[in-house]
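Just so it is clear: in the sequence shown, position 203 is 202 by numbering that gives the first Met the number 0, and no numbers are missing. Notes to accompany the following structure.
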Amino acid sequence: MAGAEVIGKEEIKEVMDVLETGVLFRYGFDKERKGIFKVREFEEAFAKYCGAEYALGVTSGSAALKVALIAMDIGLGDEVIVPAFTFVATYEAILEVGAIPVMADVDGSLNLDPDDIEAKITPYTKAVIPVHMCGAPARIDKIVEVAKKNKLLVLEDNAQGCGGSYKGKKLGTFGDMGIFSFDYVKTITTGEGGMVVTDNVDFYNRADWYHDHGHDHNPEVSRAMEGRSILGFNYRMGELQGALGLAQLRKLDDVVIAGQKKNKAKIKEALGRIDGVKFREIPDPEGDTATFLGFNLPEAEITKKFQKALSAEGIDTVLFKENLWHYVPNWEHFLSQSTPNSKKYPFTNPMYKGKVDYSTAAIPKAEDIFGRTLFMQIFVNMPEEKMTSIIGGIEKAAMAI
Ligand SMILES: *Cc1c(COP(=O)(O)O)cnc(C)c1O
0 MAGAEVIGKE
10 EIKEVMDVLE
20 TGVLFRYGFD
30 KERKGIFKVR
40 EFEEAFAKYC
50 GAEYALGVTS
60 GSAALKVALI
70 AMDIGLGDEV
80 IVPAFTFVAT
90 YEAILEVGAI
100 PVMADVDGSL
110 NLDPDDIEAK
120 ITPYTKAVIP
130 VHMCGAPARI
140 DKIVEVAKKN
150 KLLVLEDNAQ
160 GCGGSYKGKK
170 LGTFGDMGIF
180 SFDYVKTITT
190 GEGGMVVTDN
200 VDFYNRADWY
210 HDHGHDHNPE
220 VSRAMEGRSI
230 LGFNYRMGEL
240 QGALGLAQLR
250 KLDDVVIAGQ
260 KKNKAKIKEA
270 LGRIDGVKFR
280 EIPDPEGDTA
290 TFLGFNLPEA
300 EITKKFQKAL
310 SAEGIDTVLF
320 KENLWHYVPN
330 WEHFLSQSTP
340 NSKKYPFTNP
350 MYKGKVDYST
360 AAIPKAEDIF
370 GRTLFMQIFV
380 NMPEEKMTSI
390 IGGIEKAAMA
400 I
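In structure tokens:
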């Protein structure tokens, strides 16, 4: 829950600034808005925080993925390599722009395996989308290296790793573009919202135009007189979201991530005392946002038994091999190509010359490791009593395995 747990007077103040002017739109109304530009201010603060040249606020993380793919001109006939473990939005965004997702395996980080990228490249591959799942980095330096060598673009889906880093550099800034989500359950929240970041001015401009019907946002003229060179759509962030984002961003490091790290360390210590428990590999533990704790056992059977025993103690865990929304082999609607049009486009698009394979044989590591890995959600607010009860529960459940 992260940022949603710490909504308070700072968020109220920022939102009230907007409501006092009544200007909910991010562009124009220069006289009425009294110098208040919350989305613009949030973008500037976010770019600075990440160490990116440009940031563009949008309506959601899903929209951010689509806007970024369009900005990089990925579409009809193209393939994009994506890990088998991600939220369905990553695959949906690729299909939304008319491209085809190609499923790749994970490594011990449970994120995209850089060593599997070359095996998945075809003459149609245009880009790779590594996803920093459950708050922790992929081996992003290696992924970028392999992508560069093969002349592929990199779009980092950092919807779940806002504030995370790898060797001191913020996640989302390694690729050609990066995206973030601020939906209600993400590390910081604006209710619904997302961000696109990049250092590439051409990609930024195309994203900026596309997300607002092509508007070139020329500051010299009124909105009605602005020019355009491409058609676009509407994925604009609103001022109330920008206001929330500003307050949440100020809490990201010291309140949210610091709080989660402290709580995660305590639970990790308790689990570490159990024979056979191993933790998810985190390529740079410093850069973990600690939204989740991932751990595994030697076999699937014992893992399920442990999950059941934890559940009996009131401790919830997720076994992603059984989760319906984050593991490709469980997406029956995707596997049957049930896109939101009766023609199964873009799978049936004649411009697409490839042949894609989503069988589990393509992801042997994921098939093994997700059957014996459990994830526990870490909260910012885990008071002493709750922590004591969780640790007691873990110790009791351990006796059942
Ligand atoms: C949440 C999420 C998204 C989509 O973000 P929304 O803001 O909910 O649209 C995309 N990718 C991943 C990995 C996510 O977890």
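Think of the CB as a built atom: it goes at the ideal place given N, C-alpha and C, for glycine as much as any other residue.
1) For ligand 1, any of its heavy atoms closer than 7 angstroms to the Cβ of Q159?
2) Verify the contact flag: D156, CB atom, against every heavy atom of ligand 1, threshold strictly below 7 angstroms.
3) Does the distance from the CB of L75 to the CB of N340 come in under 8 angstroms?
4) Need the endpoints of the alpha helix (DSSP H) that N322 sits in, please.
5) Quick one: is E155 buried, meaning 16 or more other Cβ sit within 10 Å of its Cβ, or exposed?
6) Write down every uninterrupted run of the alpha helix (DSSP H) in the segment 52 to 137 whose length is 4 residues or greater and which is fully enclosed by it, in chain order.
7) Using 8 angstroms as the threshold, is the segment 30 to 38 in touch with the segment 281 to 299, meaning 3 or more CB pairs across them?
8) Could you tell me the boundaries of the alpha helix (DSSP H) in which G392 lies?
9) From which residue to which residue does the alpha helix (DSSP H) around G244 run?
10) Here's the rule I'm using: 16 or more other beta-carbon atoms within 10 Å means buried, otherwise exposed. How should N262 be labelled?
11) If you draw a straight line from the alpha carbon of G209 to that of A70, how long is it in whole angstroms?
12) So what's M350 in DSSP terms, helix, strand or just coil?
13) By the three-class DSSP mapping on this structure, what secondary structure does G34 have?
14) Would you kindly report the start and end of the unbroken alpha helix (DSSP H) that includes G258?
15) Does the beta-carbon of L64, which I'm using as the reference point, lie nearer than 7 angstroms to any heavy atom of ligand 1?
16) Taking only the alpha-carbon atoms, compute the straight-line gap between G160 and G134 and give it to the nearest angstrom.
17) Using 7 angstroms as the cut-off, classify the Cβ of D182 as near or not near the heavy atoms of ligand 1, replying yes or no.
18) Can the beta-carbon of D104 be found less than 8 angstroms from the beta-carbon of A83?
19) Comparing C-alpha positions only, which one of T189, H131, P122 sits nearest to T290?
20) In three-state DSSP terms, what is F305?
21) Enumerate in chain order the residues of its own chain whose CB-to-CB distance from L151 is below 7 angstroms, with the five nearest sequence positions on each side excluded.
22) Alpha carbon to alpha carbon, how far is F346 from T338?
23) Which full runs of the alpha helix (DSSP H) of 4+ residues lie inside the segment 171 to 238, going along the chain?
24) Can you give the beta carbon distance from G171 to T186, rounded, assuming they're within the 8 angstroms contact cut?
25) Does ligand 1 have a heavy atom nearer than 7 angstroms to the CB of A88?
26) What whole-angstrom Cβ distance do Y357 and M102 have, given they're in contact under 8 angstroms?
27) Is Y48 near L248, with beta carbons less than 8 angstroms apart?
28) Can you tell me whether DSSP reads F41 as helix, strand or coil?
29) Classify S310 as helix, strand or coil using the three-state DSSP reduction.
30) Can you check whether the CB of L292 is closer than 8 angstroms to the CB of I377?
31) Given that a residue counts as buried once 16 or more other Cβ atoms are within 10 Å of its Cβ, and exposed if not, what is T387?
32) Is the beta carbon of K267 less than 8 angstroms from the beta carbon of I400?
33) For chain D, is any of its Cβ atoms less than 8 angstroms away from the one on G2?
34) Using 8 angstroms as the threshold, is the segment 324 to 338 in touch with the segment 304 to 315, meaning 3 or more CB pairs across them?
35) Return the CA-CA distance between E321 and N329, expressed in angstroms with no decimal places.
Taking the definition as stated:
1) yes
2) yes
3) no
4) Careful: N322 lies outside any alpha helix (DSSP H) and carries neither H nor E.
5) buried
6) Within the segment 52 to 137, complete alpha helix (DSSP H) segments of at least 4 residues are found at 60 to 70, 87 to 95, 113 to 119, given in chain order.
7) They do not touch, by the three-pair rule.
8) 383 to 397
9) 238 to 250
10) buried
11) Checking the sequence, you will find Tyr at residue 209 rather than Gly. Straight through space, the alpha carbons of A70 and Y209 are spaced by roughly 8 angstroms.
12) coil
13) Assigned with DSSP and collapsed to three states, G34 falls in coil, not helix or strand.
14) Per DSSP, G258 belongs to the alpha helix (DSSP H) from 257 to 271.
15) Inclusion of L64 in the 7 angstroms shell around ligand 1 follows from its C-beta lying nearer than that to a non-hydrogen atom of the ligand.
16) Looking at the two C-alpha atoms, the distance is approximately 4 angstroms.
17) Yes, ligand 1 has a heavy atom inside 7 angstroms of this Cβ.
18) D104 places its beta carbon less than 8 angstroms from that of A83.
19) H131
20) helix
21) Counting only Cβ-Cβ distances below 7 angstroms, and skipping sequence neighbours, we find T124, K125, A126, V127.
22) Rounded to the nearest angstrom, the two C-alpha atoms are 9 angstroms apart.
23) Complete alpha helix (DSSP H) runs here, min 4: 200 to 209.
24) Going by Cβ atoms, the distance from G171 to T186 rounds to 12 angstroms, so no, they are not a contact pair.
25) Indeed, a heavy atom of ligand 1 lies less than 7 angstroms from the Cβ.
26) That belief holds up - the Cβ atoms of Y357 and M102 are roughly 5 angstroms apart, short of 8 angstroms.
27) yes
28) Residue state for F41 is assigned as helix, using DSSP reduced to three classes.
29) helix
30) Yes, these two residues count as a Cβ contact at 8 angstroms.
31) exposed
32) no
33) In the displayed structure, chain D is absent; only one protein chain is listed.
34) no
35) 7 angstroms
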